[in-house]
Ligand code: HEM
Ligand SMILES: *[C@@H]1O[C@H](CO)[C@@H](O)[C@H](O)[C@H]1NC(C)=O
Ligand SMILES: *[C@@H]1O[C@H](CO)[C@@H](O)[C@H](O)[C@H]1NC(C)=O
Ligand SMILES: *[C@@H]1O[C@H](CO)[C@@H](O)[C@H](O)[C@H]1NC(C)=O
């Protein structure tokens, strides 16, 4: 053997050794961090395009159904620029929600963070989040709703319906109602020119949230950032005015007052900037969600006439008992059992928030898989709400399923329209009351029909493409009775 051959031989030995070691290492790593099965799709875009295409149609279910049948309830995909573990499993979803702040944390893209503001509740972490979350809960809990908020909700819903003419865009009206209500609840302003101007700027901000692709190059996004500055300035002015009034001894009963009384980060009060970011978070979180659920409840009822007539009976009974003009009271709200079924069923089938993104704070083992630290996770509520294993005829609008509980196959933890754990929606009861009061006045004062065919889509948000145009006609229960 000459020296060259010896070197070649040695080289081969080393190479074999290295390859063997590398492959065993890969095997070990695989075994230690077994990812849920799935495909990552194309480089960079992954399966984002498939997801968007599916959610732009009226039936996005195949995107999830196909993957669940191929890989099971937990699978790996690659959407919006990152590999993501997708959960269609209620137990896993619950685990994700309950371990917020310990194993998982919510995460938003930088573009969204800029629109929300540094001190937004949605971006807060740890003890400050806990404190602010419970402050928000106490602002919209059932005793506050009963004693204060219900009267305003009733009044502002009526006021809005008063302005309805022959043809309305339901989604637009619902947005006006929710915006005016939130402004009232936050800082005691009744609808006026000031609120109208605020709403115009605010709508530009909202548009910014839904320009997901390349936000920094898009003019919609740039306009949104500008509008955010204007909205923040307007709110900041209100905060300063109110501080002055407080010094003069004047007090109001609203969220702003609660914020003045609250303790900030270091025990002192909140700064104006913190208060403004906080109010914006509430405006953002309650606006699209509540107005969309109002619109979709009407859509589903219109398409399910026997449910609509059942609902009408319930509300006519209340109205006939009370007379034409009396406002709804808490007892009235509590005597709408079928309405509550309609509310749940609309939330279940519409899935305004189809699920939540989280990031794994450490390697996490679940159901025999490992989710690596830093990975994104999506807990899909939609997949669970529309699963035939959990709801009978899961994809049909059937409010009666909530009445007898016969249409609910397994009852606990499968219905999470408002999320769960430390970030559970603090507006869950408020949204229910607003929708119920809206339905009450709508069905007792109007009959309606869709003005033209419209389409429900789910991307970038759940919405009716044409904002649900409808032809409305006044009706009066009381004229009928007099005849
Ligand atoms: C039908 C209407 C609504 C739906 C479906 C809904 C749904 C949700 C969901 C699923 C979450 C959890 C997000 C997460 O875990 O990351 C959430 C959070 C939140 N919601 Fe709602 N929501 C609705 C109405 C409202 C209203 C009216 C308000 C106003 C008070 C509100 C305020 C909030 C806030 C401030 C958060 C953030 C909580 C936190 O991060 O601690 N929501 N909402
Ligand atoms: C609701 O919040 C208020 C404070 O805003 C508190 O005094 C009250 O006890 C709470 N009620 C319930 C039912 O949690
Ligand atoms: C609510 O707000 C909108 C827009 O700011 C405004 O046009 C409308 O008249 C307000 N009032 C009601 C009762 O909806
Ligand atoms: C609606 O869903 C909630 C859970 O979010 C549940 O507590 C309530 O009992 C349901 N309502 C009806 C009428 O079944």
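Numbering (this note's numbering), first residue to last: 9 to 491.
Cβ atoms here follow ideal geometry from the backbone N, Cα and C, with glycine treated the same way.
query	result
Cα-Cα separation between residue 151 and residue 157, rounded to whole angstroms	9 Å
Identity of the residues DSSP links to residue 112 by a beta bridge	108, 368
Any non-hydrogen atom of ligand 1 closer than 8 Å to residue 109 Cβ	no
Collapsed DSSP secondary structure at residue 177 in the structure displayed	strand
6 Å CB neighbourhood of residue 299 in its chain, flanking five on each side removed	182, 183, 186
Residues proximal to ligand 4 by C-beta, any heavy atom closer than 6 Å	348, 349, 352, 410, 423
Assigned secondary structure, residue 308 (DSSP; H/G/I helix, E/B strand, else coil)	helix
Among 133, 81, 336, 102, the one whose alpha carbon lies nearest that of residue 424	102
Distance between beta carbons of residue 297 and residue 472, contact taken as under 8 Å	The Cβ separation is near 14 Å, so there is no contact.
Residue 268 CB to nearest heavy atom of ligand 2 below 8 Å	no
N- and C-terminal bounds of the beta strand (DSSP E) containing residue 482	477-482
Local conformation of residue 405 per DSSP, three classes	coil
Rounded C-alpha distance that separates residue 360 from residue 240	26 Å
Any non-hydrogen atom of ligand 2 closer than 8 Å to residue 168 Cβ	no
Beta-carbon proximity list for residue 242, same chain, < 6 Å, skipping 5 on both sides	206
Cut-off 8 Å between Cβ atoms - residues of its own chain near residue 353, not counting five sequence neighbours on either side	308, 405, 406, 407, 409, 410
Under 9 Å between C-beta atoms of residue 159 and residue 335	yes
Integer-rounded CB distance, given that residue 477 should sit under 8 Å from residue 138	With 8 Å as the limit, residue 138 and residue 477 do not qualify as a contact, their Cβ atoms being about 44 Å apart.
Residue 395 versus residue 351: straight-line alpha-carbon distance, rounded	19 Å
Identified DSSP bridge partners for residue 399	416
Which of helix, strand or coil DSSP assigns to residue 485	helix
Beta-carbon proximity check, residue 195 vs residue 434, cutoff 9 Å	no
Alpha carbon of residue 134 to alpha carbon of residue 339, nearest angstrom	38 Å
Residue from 71, 362, 291 whose Cα sits closest to the Cα of residue 56	71
Beta-carbon proximity check, residue 94 vs residue 82, cutoff 9 Å	yes
Cβ-heavy atom distance, residue 210 to ligand 1, below 8 Å	no
Nearest-angstrom Cα separation, counted from residue 261 out to residue 400	45 Å
Contact under 9 Å by Cβ, residue 116 with residue 365	yes
Residue 92 to residue 167 span [Cα, whole Å]	46 Å
Separation of residue 169 from residue 322, as counted between CA atoms	20 Å
DSSP three-state assignment for residue 50, whether helix, strand or coil	strand
Segment contact flag, the segment 122-129 with the segment 277-285, C-beta cutoff 8 Å, min 3 pairs	yes
Rounded distance between the beta-carbons of residue 111 and residue 387, thought under 8 Å	Going by Cβ atoms, the distance from residue 387 to residue 111 rounds to 12 Å, so no, they are not a contact pair.
Local conformation of residue 86 per DSSP, three classes	strand
Which of helix, strand or coil DSSP assigns to residue 469	coil
Bridge-paired residues (DSSP) for residue 456	480
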